[in-house]
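Some notes on the structure that comes next.
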Amino acid sequence: MNLSKVGLVASSEFQLAVRTKAFVIGLLLMPVLMGGIMFLQRRAMDQVDTEARVFAVVDRSGKLFAPLERAAAEYNAAAASGKGGPSFVPVTVDAGSRSAEQIRVELSGRVMSRELFAFVEIGESILASDGSAEGSFGYYSNHPTYTLLPRWIEGAVTRIVQAERFRMAGVDPVVVSKLVRPVKAVERGLFVRDETGKLKQADTVDAIRTLAVPAGLMFLLLVSVMTATPQLMTTVLEEKMSRISEVMLGSLSPFEFMLGKLVGASGVTLVFAGTYLGGAMAVAVTQGFGDIITARLVIWFVVFLCLAVLLFGSFYGAIGAACSDLKDAQSLMTPVVIIIIIPIATWMTVARAPDSLFAVAVSLFPPATPFLMLLRLFLHPAPPAWQVGLSLVLTSATALGFVWAAGKIFRTGLLMQGKGASFRDLAKWIRAR
Amino acid sequence: MDTAIRLREITKRFGDVTAVDAVSLEVPAGCIYGFIGPNGSGKTTTLRMIMRILLPDHGRVEVLGDDGTAAARDRVGYLPEERGLYKKMTVRRLLRYYGRLKGRRAAEVDRSIGEWLKAMGLADWADRRIDALSKGMAQKVQFMAAVVAEPDLAILDEPFTGLDPVNADVLKDAMLDLKRRGTTVVLSTHDMNVAERMCDRIFMIFRGRKVLDGTLAEIQAAYGADTIRVRTEAGRQALAGLPGIESVNDYGNMQEVRIQGDPQRLLQQLSSRTSVTYFEVTRPSLQDIFVRIARPGPEHASPPTGGRA
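So the sequence lines, in the order shown, correspond to chains A and B. For the first sequence, my numbering begins at 1 and goes up steadily by one. For the second sequence, my numbering begins at 434 and goes up steadily by one.
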């Protein structure tokens, strides 16, 4: 094998890919756009929805409206001074001599005519402290998807009712809150002795370090590989249809050509993933998690990224070589789609029990290994060295096998024009001399 | 080295179709060797086997003294029938890429690029993208891509396609220049005039088998002097029903006639019918021989023996 030719193809592939406007836009503008959209959405929610929500309160207990009005005033003052959003305006309803039915019909009419946004009906016995109290109150509106107001009323009424019940029972609410304070379990790792034999303080377990970082890495790998490798199919198809591949095969073997393209694609994927990883690192540092992205993590990420590009890139490259147009290629892509679902469907199960038989088996299945073994490497308990070693051997062997088979498909497929190939044809081309 | 290409009984099948059937051939070094044959006759498959893009099912291919793939990939330049250029690359970058893929150092390739761009009149276009070039310019770039690494053997499949007469002349001169430098040129073409005028030897493949191989003179000699070019006042009508005529190729003002028998007798018969203004006894042209082989009809005999396969 001529490595300098492989390098030339890789360098050309890399330059052709990263110099395109589409790559630069996808790489840099996409996060900016997404961040901008998220910011705008957030601002829009707060700024646009500033309408006052007037709601009627039928308080049959006779003791809740006043504190509810005070709570609303406090909420509105906070909204006006900082976070923005709508204001809540409760209005009391005097039942007078009308029946409950008459009041409900009248208030429903006022909601429909937009005079009110909603109305609330609080029962007489809601404050009973002997256990006979009603456990709910009615909220009526013709805006079922608007949850901000009902959730706020629910919280405010609950707090008011609890305080009133304590008062009626002669219990100091402050004392109660002290007595019912929850007892929290602080999760830590195991104790270990350091080199001097001294017992080392166990680290506190936090969700970001234990799950968010490994899962985030796995998905970054997945997105990077699935963004860069399908490009191989497109470029190979274009080279085949414009007969560039015939010129190339006059200068190097199909295997060298394929490998060069894969190395180039690995470079493109590394730039893509590196940019996002760098961004994540910057965010982590600003949020006080600067220590979570370590050299060990980056090295394993790069190793598994290269293996994943070889695996999926060779598959996509072979499809490009075998087909004559993108429509043909769609039908041959089904296996990749099925394989890529495996890490997405199983990562939570693997994360919950990283040392289970299922987690071991699925992370040793070569097409899923780059994603799931990477995940396991940063979960606790970490996989034993033999499993990591075996996964590397199995995945490397599979990747080389894929590249070899793709090279064989290249040799035949690149010179075939006209109808697309079936899996049967591909198998025949792989077996061919 | 005396022989640039040596093919020994090579056969290539695609499923049930035998594209190339036990073809043997020796291409002497330093010559221009013409490859002719109708579409689908196995010409491109043979060229691809020489390039080692395809491997024969049987037989042996030796290129520049090497029966492996190294020589084919590093010392052979290839211009395929259908063009393959990266449209978004500049001319210079593309030529450098193709040249370096042949194992040449960057400095050597750059020097060669400069010379070829000047020779082909494209020096001002060196830093323009391929998709900005005209069809003729792109064709010249494709040719340069095949020869920029200064190969010992250049395989050119229909190099004149899409070129106007001026650019065709530039390319012809470039090919002759290659020959003067000692490069062996395999020229695959459908233009029999080009093959007659430029090629030292001609090989014809038909239905996967070699049917002609030799110099133009050898090939024509094998077909004898059975061709008459005649111009009469009555045109083609004057030839109707005359004995000994095997076929008539009518060019309107002139007819090319293949006969069996004595040309003088034909002249006498024609003179008795009409006024004969031109009468030439000649050897068949390569075009005529090609058509005789590739369009066999009741009046077309199988290739005669001698001076061919």
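Glycine included, each C-beta is placed from N, C-alpha and C at the ideal position.
Does LEU566 (chain B) come within less than 8 Å of chain A when only Cβ atoms are used? no
Looking at PHE289 (chain A): is its Cβ nearer than 8 Å to the Cβ of PHE410 (chain A)? no
Do VAL663 (chain B) and PHE712 (chain B) count as a contact pair if the criterion is CB distance below 8 Å? yes
Proximal residues of chain C, C-beta to C-beta of VAL223 (chain A) below 9 Å: Looking for chain C here will not work: the only protein chains present are A and B.
Tell me, please, whether the segment 215 to 232 of chain A touches the segment 175 to 191 of chain A by the rule of three or more beta-carbon pairs shorter than 8 Å. no
According to DSSP, which residues form a beta bridge with MET637 (chain B)? B:ILE469, B:LEU645
Would a C-beta distance cut-off of 8 Å place GLY467 (chain B) and ALA628 (chain B) closer than the cut-off? yes
Taking only runs that begin and end inside the segment 472 to 538 of chain B, name each unbroken beta strand (DSSP E) of 3 or more residues, in chain order. 491 to 496, 509 to 512
If I'm right that ILE652 (chain B) touches ILE722 (chain B) with Cβ under 8 Å, what's the distance once you round it to whole angstroms? 6 Å
Does the structure place the segment 635 to 649 of chain B close enough to the segment 465 to 479 of chain B that three or more beta carbon pairs sit under 8 Å? yes
Quick check: what's the CA-CA separation for GLU13 (chain A) versus MET577 (chain B)? 22 Å
Answer with buried or exposed for ILE341 (chain A), where buried requires no fewer than 16 other C-beta atoms within 10 angstroms of its C-beta. With fewer than 16 Cβ atoms within 10 Å of its Cβ, ILE341 (chain A) is classed as exposed.
Buried/exposed call for SER224 (chain A), threshold 16 Cβ in 10 Å: buried
Cutoff 7 Å; reference GLY569 (chain B); Cβ partners in own chain excluding five residues on either side: GLY595, LEU596, ASP597, ASN600
Going along chain A, which residues have a C-beta under 8 Å from MET484 (chain B)? LEU249, GLY250
Going by CA-CA distance only, name the one from A:ALA329, A:GLY413, A:TRP300, A:ALA432 that's closest to LEU445 (chain A). The structure shown does not extend to residue 445 (chain A), since chain A spans only 1 to 433, so no value can be given for it.
Using beta carbons (cut-off 8 Å, strictly below), is SER324 (chain A) in contact with chain B? no
With 8 Å set as the bound, which would you pick, yes or no: does the beta-carbon of GLY641 (chain B) sit closer than that to a beta-carbon of chain A? no
Express the C-alpha separation of LYS184 (chain A) and SER81 (chain A) in angstroms, rounding to a whole number. 34 Å
When DSSP labels each residue in this structure, what does PHE723 (chain B) get in the three-state scheme? helix
Can you tell me which of the three DSSP states LYS184 (chain A) falls into? coil
From the beta carbon of ARG431 (chain A), is the nearest beta carbon of chain B less than 8 Å away? no
Locate the beta strand (DSSP E) running through ILE438 (chain B), then write down its first and last residues. Start and end: 436 to 447.
From ASP291 (chain A) to LEU305 (chain A), what does the alpha carbon distance come to, in whole angstroms? 22 Å
Give a single yes or no on whether ALA455 (chain B) has its beta carbon closer than 7 Å to a heavy atom of the ligand SAM. This structure simply doesn't include the ligand SAM, nor any ligand for that matter.
What do you reckon, are the CB atoms on PRO86 (chain A) and ALA52 (chain A) nearer than 8 Å? Yes.
Mind checking if LEU16 (chain A) is an interface residue toward chain B, Cβ cutoff 8 Å exclusive? yes
LYS431 (chain B) burial status per 10 Å Cβ neighbour count (16 or more: buried): Lying before the first or after the last residue shown, residue 431 (chain B) is absent from chain B, which here runs from 434 to 742.
Taking 8 Å as the threshold (beta carbon to beta carbon), is ARG243 (chain A) in contact with chain B? yes
Chain A within 8 Å of LEU589 (chain B), Cβ atoms only: no
ILE37 (chain A): buried (16+ other C-beta within 10 angstroms of its C-beta) or exposed? Exposed: under 16 other Cβ atoms inside 10 Å.
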